[in-house]
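All remarks here apply to the structure that follows.
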Amino acid sequence: MLPALKYAFSLLRCLVKKTLQTPKVINQLYFISFRKDSLCYPLYTKTSQTPKVINQLCFISFRKDSLYYPLYTKTSQTPKVINQLYFISFRKDSLCYPLHTKTSQTPKVINQLYFISFRKDSLCYPLHTKTSQTAKVVLSLDAGAVSLLKDGVNFKKNPKDGKCYIIYKGTGGFKACRNQCKHQGGLFIKDIEDLGGRTVKCTKHNWKLNLSTMKYVNPPDSFLQDELEVEILDDGGLCLVELSPPDPWLADPREPLELKEGEVKVTYLTHACMELQLGQRRFMFDPWLKGPAFARGWWLLHEPPADALDRLCAADLIYISHMHSDHLSYPTLKVLSERRPDAPIYVGDTSRPVFWYLEQSKVKLTNINVVPFGVWQNVDEHLRFMIMMDGVHPEMDTCIIVEYKGHMILNTVDCTRPNGGRLPQNVDLMMSDFAGGASGFPMTFYGGKYSDSWKANFIKNERKKLLNYKAQLVKSLQPKIYCPFAGYFVEAHPSDSYIKETNVKNGADALNAQINNLTSDIKTWTPKPGAVLDLGLALTDPTNSEAITNPPASAKLYKDSWDFDLYVDELNRAISCEIFKHPNWIQFYYTWAGFQNYNLVVRMIETDDNFEPLLDGYDYLVDFLDLSFPTTRPDREHSYLELKNRVGVMRHVVMHGGLWDDLYIGFQNRISRDPDIYHHKFWNHFQTELPCCGPDWDKFLRSVMICKCTAPCLLFFYCVLSLFLIDFVL
């Protein structure tokens, strides 16, 4: 064993020396041993053996049962192997790479062992292979170049690689694509016959493309152009983003097999929570089954079936689409952790980890699997799934395709533009959100134009646009069955009655009616809690009434009690926390938050439930240009925000290093702004980019105590010094 270990250290030193890269260690990273024959072998050790730590790297042990086990862990988590085992390589960027270097041979695989990666959050991640879906910026324009874009067709070339693109500027914003015909790869030029300025013509065979729809009009009904994602930057610039591969679900296509009655059942539980029975396996989506979401702002509208938590704990797979608390519900997962902590949970590899708050939550889950985008995850012979990113919020949102015996179920969840707008057509079942209202704007804004009548008119128009967009999207994708869900929440707390009255949402029945008016080829389903869709029966005969089983007439469908006091009291416990007895918590917190060099001054006011300032609450200014804390607004020209925040929620967010979604999406503040513009950079930082590790309040309190202890000593010193000087003078 000793020679093997020495060789491992030698190889690691050689690798570091050759690549000039030092392995970066975060929360205990592990590596394995290599022997002189350049092959990789399991490191067999006795369980009582203490691993020798070199540069804070610890060994992994592989046992004969083909599972891997850490020699020791600081938590109760035991990473579980999904599909295969993996070897490890470390580079300076903390990512995991195959060990292909000039100083070593390609490791030979023994017993199907591959690569393993451990990250900061102590979870186990698979290696991102070349088949993983990626997003690449192919063209960038600064604000000046964007301002010069004319209405209609704009041809642009990337000066770095010479590749050509087309940007179409219309009333609804920008659309973009490569300047390449899908027929035989010809270049497009402006179509002089098109007076509307929407069409371009291929120089090879005169094929014509309507850029406003990305459809080829000559010949008609031929192709759809691959669209690029257009991202508007904070500074007014623009970049075009391309997903690769654009249609990852086409990899390894499978022919649909016949489904027997009862083989695939879809059960609606509540909000975005669906249970899929796929043969002998059960797959659950986004289990929010108890407690509030977004602090105390959202509450479940529907009463989940009585056995919903039992179903969750019995699930074979659980998919959580993103970190928002109406999808990642810690009150729900706490029950799961107490009853079945090793339940397999799957999330996408978003830049902000979905479970970034897991350690602080004290919820113990030991089988969280972070999977790469756009790669089929095989569960068994007939079942697989693929997680894809959102084109607008790739750092956070995901969607999923589940395929069983060649039949696809598409769940776009909350994605604004799932997979950059490219989705499979003619899936067997499609689900998406529908309601709107998942934002504090404009309900929580006051002053200026924000009268009740203005808000009502704005909300009405926005909901109508959302309804039209969803209906057109469903029509274009032509799923066999469509189900709107993920919009069943209510602002139930009595203190939020104004939000409840103002925040009018779309109805699922209204969306389905609009879809039915557009096409008769799509079966729509508006489920109630506990309703079951038999997919096999519905596909065989969409008119078969036995394909849908509704809950019994006696079933309770809507919640009428929510345990408000239990959850609100838990939030309000933060009010009396020791840290808030010391005013310099303000500087400590915003320094930790790390947002500055932005010409914005924010006034933060702690309030009661009615947003009236508290006499003993904090009321302070933060100047984010230099991260200072002035007593009055600066004389220079600057943007200004005033935020009135419910004290319990604000202090809970501060104390735990939480994201400000609890305040903004949860309707827990009231906002005025001068000028009346949206500060994307500010809100994006506090909603998605705060550090994953909360503020070190223990360190803060220690520093406070040191100051308290040293102050009397300094006072005594100065008194003695003064007496000495007086005596000396006299």
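So in UniProt numbering, spot 628 of the sequence shown is number 628, and the numbers just go up one at a time.
For each residue, glycine too, the CB sits at the ideal point set by N, CA and C.
Please read these numbers as outputs of a predicted model, since none were measured by experiment.
Local conformation of residue i per DSSP, three classes
i: residue 228; result: strand
i: residue 560; result: coil
i: residue 577; result: coil
i: residue 598; result: coil
i: residue 75; result: In this prediction, residue 75 has a pLDDT of 33, which is less than 50 and means its spatial position is unreliable; what the coordinates show is noted afterwards. Three-state result, residue 75: coil.
i: residue 327; result: coil
i: residue 384; result: strand
i: residue 449; result: coil
i: residue 204; result: coil
i: residue 586; result: helix
i: residue 632; result: coil
i: residue 506; result: coil
i: residue 707; result: helix
i: residue 164; result: strand
i: residue 215; result: strand
i: residue 552; result: coil
i: residue 96; result: Confidence at residue 96 is low in this model, with a pLDDT of 38, below 50, so its placement is unreliable and the value that follows should be read with caution. The answer is strand: DSSP assigns residue 96 an E or B state.
i: residue 302; result: strand
i: residue 195; result: coil
i: residue 458; result: helix
i: residue 514; result: helix
i: residue 46; result: Confidence is the limiting factor: at residue 46 the pLDDT is only 32, short of 50, which leaves the residue's position unreliable and the question unanswerable from this model.
i: residue 677; result: coil
i: residue 494; result: helix
i: residue 407; result: strand
i: residue 310; result: helix
i: residue 605; result: strand
Nearest neighbour of residue i, chosen from the options [CA to CA]
i: residue 527; options: 638, 189, 304; result: 304
i: residue 665; options: 284, 294, 212, 193; result: 294
i: residue 169; options: 146, 575, 182; result: 146
i: residue 461; options: 503, 392, 600; result: 503
i: residue 553; options: 177, 546, 531, 544; result: 531
i: residue 586; options: 611, 627, 548, 183; result: 627
i: residue 517; options: 472, 549, 543, 557; result: 472
i: residue 279; options: 291, 394, 260, 292; result: 260
i: residue 135; options: 394, 291, 439, 386; result: 394
i: residue 681; options: 613, 633, 595, 703; result: 595
i: residue 602; options: 227, 157, 683; result: 683
i: residue 173; options: 156, 179, 150, 194; result: 150
i: residue 213; options: 227, 698, 408; result: 227
i: residue 624; options: 647, 608, 599, 609; result: 599
Neighbour-count burial assignment, residue i, 16 or more Cβ in a 10 Å radius
i: residue 469; result: exposed
i: residue 493; result: buried
i: residue 267; result: buried
i: residue 368; result: buried
i: residue 675; result: exposed
i: residue 109; result: Residue confidence for residue 109 is low, a pLDDT of 31 falling below 50, so the modelled location carries little weight and cannot support an answer.
i: residue 476; result: exposed
i: residue 324; result: buried
i: residue 629; result: exposed
i: residue 432; result: buried
i: residue 454; result: exposed
i: residue 425; result: exposed
i: residue 678; result: exposed
i: residue 189; result: exposed
i: residue 428; result: buried
i: residue 797; result: Look at the range of the chain in this structure, 1 to 730, and you will see that residue 797 is not part of it.
i: residue 133; result: buried
i: residue 401; result: buried
i: residue 705; result: exposed
Distance between beta carbons of residue j and residue i, contact taken as under 8 Å
i: residue 270; j: residue 488; result: 6 Å
i: residue 404; j: residue 382; result: 6 Å
i: residue 406; j: residue 256; result: 4 Å
i: residue 480; j: residue 491; result: So it is not a contact: roughly 35 Å between Cβ atoms.
Same chain only: Cβ atoms within 6 Å of residue i, ignoring 5 sequence neighbours per side
i: residue 446; result: 670, 672
i: residue 138; result: 240, 242
i: residue 83; result: Its pLDDT being 34, under 50, residue 83 is placed unreliably in this model, and the value from its coordinates should be taken loosely. Once the five neighbours on either side are set aside, residue 83 has no close Cβ partner at all.
i: residue 328; result: 320
Same chain, Cβ closer than 8 Å to residue i, five either side skipped, listed in chain order
i: residue 273; result: 284, 285, 286, 287, 288, 289, 304, 308
i: residue 657; result: 360, 592, 690, 691, 693, 694, 695
Close beta carbons around residue i, own chain, < 7 Å, minus the five adjacent residues each side
i: residue 466; result: 436, 506
i: residue 514; result: 467, 471
Below-9 Å beta-carbon distance, residue i vs any chain B residue
i: residue 650; result: The structure shown has no chain B; it contains just one protein chain.
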